[in-house]
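Engineer: Here the protein sequences come in this chain order: A and C. Heads up: the first sequence begins at 1 in UniProt numbering, then just goes up one per residue. Heads up: the second sequence begins at 1 in UniProt numbering, then just goes up one per residue. What follows is a structure written as C-alpha cells; I'll ask about it next.
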Amino acid sequence: MSRRKTERLLNLVICLLATRRPLSAEQIRQAVPGYDREGDEAFQRMFERDKNELREIGIPIEVHKDPWEDDPGYIIRRQAYELPEITLEPDEAAVLGLAAQVWQRASLAEAAGGALLKLRAGGVQTDESGLGTLELRVDTRDPAFPALWEAVRDRRAVRFDYRAAGSGAVLTRTLEPWGVVSRRGRWYVVGFDRDRGEPRVFRLSRIAGEVTPVGKPGAVRVPEGVNLREMVGYRDDMTLPERSALLRVRRGTCEGLRQLAQRVEPGQGEWDEVELVFADPERLAGWLASLGADVQVISPPDARDAVIRRLKGAMAS
Amino acid sequence: MSASTDRLPRLLALVPYLMSHQGAQVPEVAKIFGLTEKQLIDDLQLVWMCGLPGHTPGDLIDVSWDGGEILIENAETIARPLRLGVDEASALLVALRMLLEFPEFAEVGDRDALARVIAKLERAAGEGAAAVSSQVAVEVDSAPDALAVVKDALRAGRRLSLTYYVPGRDEVTPREVDPMRVVVADGRPYLEGWCYRAEAVRLFRLDRMLEVRILDVPADPPEEAEPLDVTEGVFRPSPSDELVELEVTPAGRWVAEYYPCEEVTELGEGRLRVTLRARDRGWLVRLALRLGDTGKVVAPESLAETVREHASAALALYDAPCAEG
C-alpha cells in the first residue's frame, strides 16, 4: 500500500500529539503534508478515512465541539495515547516471554507479538527464551474463534448455525456470549441463549458457517458471579447413577481396562473376571466394543446389548 | 486492514524502540521487528520524511544509520509507544492466567512473578483488557503425580524409567526416556524426551504414565534429538501413514472433532465422509469397532474386511452359550 499514505498518517499522529489545543480540520489540512493538495471534498473524505484507520489501530483521537466554533476540533491526548511506564524484573520478563508464545494461530499470536514489541519499544526488558524446559501451546483452530473472541470483547450478541451433538440437526442460535473456555483441547462458548431463554454452552467445533454479530456492541451484560468453567465442566452423564459391570477379559490383554477395574480375579481357561464401575452404558459400550474379542460383557443386560449392537453394526458395514 | 495500517503501528513502535536503544544495529533491530534489513532501511527512510508541522529540517525526525548503527533525534512527540490494545493485552493476560492455573509448573517464585506481571499489565492496559481476559479461560488438567518426578529428573538431568499406557493400541510398555522438556498443549501436560525404545523424540502424556522412576543414569539424549515442532498440534500424522476413508452418521461425527482429518465432506442429514491418516492398523480397527453402527470403513477394503473379522470374532463370544466351558 502507498508509502505516501503511511507518511501522511504518521505526520497526522505527530501533529495531533504535538498540539496543545484541538485543531480544526482546516488547520490540520494546512499542517499535514499530503492534505494540502486536495480539493475540499476529496480532503473531507480522506480525513474521515484516516481518522477511522487511526482509531482502528487503537489511537485515541478526541473530538471537541466548542459551542463558539462552527467546526469540531481534534487532538490526541498524550496520557491516553502513551504506554505507561512499566518495568519488569528478570523473573517477570521470563514468564511474560513464555506467555507471549502460547497462542498458535494468527489472530492472538499477532496480538501477543504486537504487545511484546510495544513493551520492548517502551524500554521494557523482555526475555523470549522462555523457561527452557517448559513450553505451552494453545490452539484456536476453530474458524468460529476469532468472531466469538470479538463478540466477547465487544459485549455483543451473535447468531450462528449449530449442529446438535447426536442428531446432526442444524438450528440457528442467538446467543449473548459471556465467555469462551478451552477444556481438554476443545473450545466452548458460554452465554445466554435467547431462543431458549436460559444459559447454555456450545462447542465451537459444532458451529457451522459464519458467526454474525447481532445488535449493538456493549449490549451484553455478564451476570455477576457466573462461573464459566463450571458451566463447561458439567456433563449430562454426571446425573446418571454409577453401576457395576461384570466382564470377562482375556488374560494378558486390555491393560487400560485392568488399570481402572475395581477387581480382577482369575476365571476359567484363558479368562479373568473383572468388575468395572460405569455410568453411561453407551460410553462403556463404545470402549468395550473397541477391544473386540478380548472382552465379553456378562452383566448388566443394557451394557451387554449396547456392545452387541455396535459389533453387529461393525459387521454390517 | 490495509498494508499501510499494518506499517503504521510498526513505525509507532520502531521509533520509541530506537529512542530507547540509541546506537542499535540494523541487523538486530530488523530481527526484532521481523523485517529484512532492506525493509528496515525503507522504514527509516520513511520516518526521516516525517515530523512536526512546518516540516522544516528542524521539525523533521533525524535518523541516521551510518555503518549500521542507528541514531535517532527530534522524535520526542512519539518517543513512547502506543498503549496496549485490548486484544494485545488480553492475549498476554489470558496466557498468564493459564500459567497461574498450572500450579505444578511454577516454583513459588514463578507464581509470585506471574501475579506481579498480571498486575502490571492490567494497570498498563486499562479496564477493557482486564474484563475480556477474565472471560476467556484455558483450563489446565490438574497435573498427575508424575509431574513432580519428571520435573525432578529434568532438574537433575537424569534418565527416567516409565511404564507407559498407549490406549490406541491398548498396550503397556516399559520405556527408558531422557527427558528434554515439559510441553503443555491445549491444557494437557506432556513429557518430551528421547525414547530409547523408539530411538526418537517422543511426547508422553503425563496422565498415561502408570509408573515413573528416576534412574541413576545421567540423561544424555543423542545429538539428533531435536525438540518437536508442536506449533501445528501435538498429533501430526505423517504423509507416509495409511490413508483411510470413513463414513459416519450424526452420532459418529465426533471422529472429525477428535482426530486431525485430511478431508471432511458433508453428505447431508448430518452424515460425514472423513479422510484421515493413521500409522497403526490396530488403532483403526478399534476405532471402527467403537463406531459400530454409527460409522463404517469405506476404503481401503482390506481394512473393512479386518474390521468385520474382529467384529465377528467378538460376536461369537455372545453366540455360544457353551463358551463357558
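Yeah, the Cβ is synthetic: ideal placement off N, Cα and C, and Gly gets one too.
Confirm the yes/no value for this check: CB of E128 (chain A), any heavy atom of the ligand ZN, distance under 7 Å.
Structural biologist: The ligand ZN is absent from the structure shown, which contains no ligands of any kind.
Engineer: Tell me whether D141 (chain C) sits in a helix, a strand or coil according to DSSP, three-state version.
Structural biologist: coil
Engineer: Report the residue from C:D178, C:V230, C:V212 whose alpha carbon sits nearest the alpha carbon of E223 (chain C).
Structural biologist: Ranked by Cα distance from E223 (chain C), the options C:D178, C:V230, C:V212 are led by C:D178.
Engineer: Determine the closest residue to R158 (chain C) out of C:V140, C:G193, C:S133, with distance taken between C-alpha atoms.
Structural biologist: C:G193
Engineer: Taking only beta-carbon atoms, is V149 (chain C) less than 8 Å away from chain A?
Structural biologist: no
Engineer: Tell me, which residues are paired with K5 (chain A) by DSSP?
Structural biologist: Note: K5 (chain A) sits in no beta bridge, so no partner.
Engineer: Less than 8 Å between the CB atoms is what I'm expecting for I78 (chain C) and V29 (chain C), so what's the real figure, rounded?
Structural biologist: In fact, because the Cβ distance is near 16 Å, the residues do not count as touching under 8 Å.
Engineer: Note down, in chain order, each residue of its chain lying with its Cβ closer than 6 Å to the Cβ of S317 (chain A), except the 5 sequence neighbours on either side.
Structural biologist: none
Engineer: So, are the CB atoms of R159 (chain A) and I32 (chain C) less than 8 Å apart?
Structural biologist: Between R159 (chain A) and I32 (chain C), the gap from beta carbon to beta carbon reaches 8 Å or more.
Engineer: Less than 8 Å between the beta carbons of R55 (chain A) and F43 (chain A), yes or no?
Structural biologist: no
Engineer: Expressed to the nearest angstrom, what Euclidean distance is found between the alpha-carbon atoms of E257 (chain C) and V63 (chain C)?
Structural biologist: 53 Å
Engineer: Counting contacts by CB-CB distance shorter than 8 Å, is S20 (chain C) in contact with chain A?
Structural biologist: Chain A contact via Cβ: present.
Engineer: Name the chain E residues that come within less than 9 Å of M209 (chain C), Cβ to Cβ?
Structural biologist: Absent here is chain E; the protein component of the structure consists of chains A and C.
Engineer: Mind checking whether V124 (chain A) and L88 (chain A) have CB atoms under 8 Å apart?
Structural biologist: yes
Engineer: Compare the C-beta of C322 (chain C) with all C-beta atoms of chain A and state if any pair is closer than 8 Å.
Structural biologist: The predicted position of C322 (chain C) is uncertain, since its pLDDT is 47 and thus under 50; a value taken from the coordinates is nonetheless stated next. Output row for C322 (chain C): interface = no.
Engineer: So, at 6 Å on beta carbons, what are the nonlocal neighbours of A3 (chain C) in its own chain, with the 5 sequence-adjacent residues on each side left out?
Structural biologist: No answer about A3 (chain C) holds up, because its pLDDT of 47 lies below 50 and its placement is not dependable.
Engineer: Measure from the C-beta of G270 (chain C) to each C-beta in chain A and report whether the shortest distance is under 8 Å.
Structural biologist: yes
Engineer: Could you check if Y234 (chain A) is buried or exposed, using at least 16 other CB atoms within 10 Å of its CB as the buried criterion?
Structural biologist: With fewer than 16 Cβ atoms within 10 Å of its Cβ, Y234 (chain A) is classed as exposed.
Engineer: Applying the criterion that 16 or more other CB atoms from any shown protein chain within 10 Å of the CB defines a buried residue, is L291 (chain C) buried or exposed?
Structural biologist: buried
Engineer: Quick check: is the beta carbon of R3 (chain A) nearer than 8 Å to any beta carbon in chain C?
Structural biologist: It does: the Cβ of R3 (chain A) has a partner Cβ on chain C nearer than 8 Å.
Engineer: Under a CB-based cut-off of 8 Å, is K312 (chain A) close to chain C?
Structural biologist: yes
Engineer: When DSSP labels each residue in this structure, what does K216 (chain A) get in the three-state scheme?
Structural biologist: Three-state result, K216 (chain A): coil.
Engineer: Rounded to a whole number of angstroms, what is the C-alpha to C-alpha distance between E92 (chain A) and E262 (chain C)?
Structural biologist: Rounded to the nearest angstrom, the gap between the Cα atoms of E92 (chain A) and E262 (chain C) is 41 Å.
Engineer: Rounded to the nearest angstrom, what separates L60 (chain C) and G58 (chain A) at their Cα positions?
Structural biologist: Those two C-alpha atoms are separated by around 24 Å.
Engineer: Please confirm if S4 (chain C) has its CB atom under 8 Å from at least one CB of chain A.
Structural biologist: Below a pLDDT of 50, predicted positions are generally treated as unreliable, and S4 (chain C), at 47, falls in that range; no measurement from the model is reported.
Engineer: Taking I214 (chain C) and A153 (chain C) to be in contact with their CB atoms under 8 Å, please state how far apart those CB atoms are, rounded to whole angstroms.
Structural biologist: 5 Å
Engineer: Taking the CB atoms as reference points, tell me whether W187 (chain A) and L204 (chain A) lie closer together than 8 Å.
Structural biologist: Yes. Within cutoff.
Engineer: Does the Cβ-Cβ distance between V211 (chain A) and A137 (chain C) come in under 8 Å?
Structural biologist: no
Engineer: Roughly how many angstroms lie between the CA atoms of L175 (chain A) and L148 (chain A), to the nearest whole one?
Structural biologist: 10 Å
Engineer: Could you tell me how far apart the beta carbons of L240 (chain A) and A279 (chain A) are, in whole angstroms, since I believe they sit closer than 8 Å?
Structural biologist: 4 Å
Engineer: Which partner residues of L134 (chain A) appear in the DSSP bridge assignment?
Structural biologist: C:V182
Engineer: For the region 186 to 202 of chain C and the region 243 to 257 of chain C, state whether three or more C-beta atom pairs, one from each stretch, are separated by less than 8 Å.
Structural biologist: no
Engineer: Let me know if D66 (chain A) comes out buried or exposed under the rule of 16 or more other beta-carbons within 10 Å of its beta-carbon.
Structural biologist: exposed
Engineer: Does DSSP classify M1 (chain C) as helix, strand or coil?
Structural biologist: Its pLDDT being 40, under 50, M1 (chain C) is placed unreliably by the model, and nothing is read from it.
Engineer: Given that a residue counts as buried once 16 or more other Cβ atoms are within 10 Å of its Cβ, and exposed if not, what is K38 (chain C)?
Structural biologist: exposed
Engineer: Taking only three categories from DSSP, how would you classify F43 (chain A)?
Structural biologist: DSSP, reduced to helix, strand and coil, places F43 (chain A) within a helical segment of the structure shown.
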